[in-house]
Amino acid sequence: MNKSVVEQAIENVRAKSQGTVTSIGHAVTINFHPDRYTPNHKPLLLAIADDGHLKSQFETGTSNGGLTAYCGGERWSWEQRVFGGAYDNAPDHLRPKYGALNFRGYEMGASPRFGSAYFQLKSHILERTTFCYPDSYFEPEDFAVLDHLNYLMDKACSSNNDLLDDYIEAHIHGVISLDDDIECLVLDPIYRSSLVEEQAHKLGVPIKWHRGYELSIQEMSLYPDYRGQQYIELAKGLSQNDKINAKLLGLAVTEQGHNEQDIKKIWHYLARFGYLSV
């Protein structure tokens with residue numbers, strides 16, 4: 250790992266950090282959809298297993314959020330500003346991978362808006378992670394390194410943001426190795442005994458399960474303004490027994506050819522209102 254590049258980026262964020270020095274013991278998680286494919290039509294989990302590490306948006310050309318990770322794009326420009334140009338001439342594999350700090354202890358990961366599964370990272374990764382609140386999409390002004398996280402946590406806890414937006418964004422700098430940096434992979438039980446579970450075992454990391462997501466069309470229909478009535482109508486056609494889950498939405502993208510951005514809006518309904526907490 251080219252530490253001079255990574256350290257330069259982290260030091261630029263350290264200079265922006267506020268608050269007192271404290272010790273934080275929360276994990277960083279990276280939420281994603283485990284049943285998707287790479288641009289060359291390879292199952293995502295198998296691609297990660299073959300690579301042996303997680304890739305940045307600049308390497309994959311994909312994202313569960315915005316699609317602007319290219320030279321001159323909004324993501325590139327944002328990273329240039331925040332990290333002081335540290336990555337302008339650096340290889341893409343050193344660029345940060347995006348996750349969130351699970352300071353609320355959510356069983357489904359810190360930022361479920363990005364997917365039903367998540368990687369939980371080992372604690373040593375925190376030393377090369379920077380943070381901001383809110384998400385970088387909102388052009389935040391508040392940043393922190395590990396020992397100044399109390400300031401961001403206080404900001405997040407006092408906000409009125411939607412539950413899907415209440416996470417502290419994490420930027421993990423350098424390589425994230427499956428062997429060295431991943432604590433476990435946590436999956437929705439809808440994928441038990443499925444091809445997704447079979448592929449997940451090839452990663453060579455411990456696999457755990459959360460309680461799962463499921464949402465009835467009836468309950469979804471209570472919130473027409475959340476993402477739009479058109480997505481409720483689309484969900485009706487995708488549902489089974491008048492319910493949707495993560496697996497059905499994955500199939501809508503990978504086998505039925507629905508627009509992934511439309512399915513993302515339905516996922517937001519499922520992630521926000523459909524977590525099986527009981």
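Numbering (our numbering), first residue to last: 250 to 527. Note that beta-carbon positions come from the ideal geometry of N, C-alpha and C, so glycine has one too. Just so it is clear, the structure is predicted and the values come from calculations on it, not from any experiment.
Review point. Is it true that the region 353–361 meets the region 277–297, where meeting means three or more beta-carbon pairs spaced less than 8 Å apart?
Key: yes
**Study point:** residue 301 to residue 294 span [Cα, whole Å]
**Key:** 10 Å
Point to revise | Beta bridge counterpart(s) of residue 418 as assigned by DSSP | key: 349, 381
Exercise for review: Return the CA-CA distance between residue 204 and residue 330, expressed in angstroms with no decimal places.
Suggested key: This structure leaves residue 204 out entirely; the chain is present only between 250 and 527.
Practice item. Look at the Cβ atom of residue 258, then the Cβ atom of residue 422, and state whether they are nearer than 8 Å. Key: yes
Check your understanding: Run through DSSP, which three-state label would residue 443 get?
Key -> coil
Check your understanding: Using the beta-carbon count (16 or more within 10 Å), is residue 363 buried or exposed?
Key -> buried
Practice item. Closer than 8 Å by C-beta to residue 410: which residues in its own chain qualify, once you throw out the five before and the five after it? Chain order, please. Key: 383
Exercise for review: Write down the C-beta distance between residue 436 and residue 283 rounded to the nearest angstrom, noting that I regard them as a contact closer than 8 Å.
Suggested key: 6 Å
Exercise for review: Could you tell me the distance, in whole angstroms, from the CA atom of residue 262 to the CA atom of residue 413?
Suggested key: 25 Å
Review point. Buried or exposed: where does residue 250 fall if 16 or more other Cβ atoms within 10 Å of its Cβ makes it buried?
Key: Only weak support exists for where residue 250 lies, its pLDDT of 49 falling under 50; the coordinates are left without a value.
Review point. Do you know how far the Cα of residue 271 is from the Cα of residue 462?
Key: 35 Å
Exercise for review: Run the CB neighbour count on residue 253, radius 10 Å, all protein chains shown included, and call it buried at 16 or more, exposed below.
Suggested key: exposed
Check your understanding: Sorted by chain position, which residues of the same chain lie with C-beta nearer than 7 Å to residue 459's C-beta, five sequence neighbours on each side aside?
Key -> 356, 357, 435, 437
Check your understanding: Using 8 Å as the threshold, is the region 472–480 in touch with the region 512–525, meaning 3 or more CB pairs across them?
Key -> yes
Review point. How is residue 281 classed by DSSP in three states: helix, strand or coil?
Key: strand
Practice item. Measure the alpha-carbon distance for residue 444 versus residue 510 and round it to whole angstroms. Key: 24 Å
Exercise for review: Check residue 361 in the structure and name its three-state DSSP category.
Suggested key: helix
Review point. Comparing alpha-carbon positions, which option in 337, 439, 365, 289 lies nearest residue 519?
Key: 365
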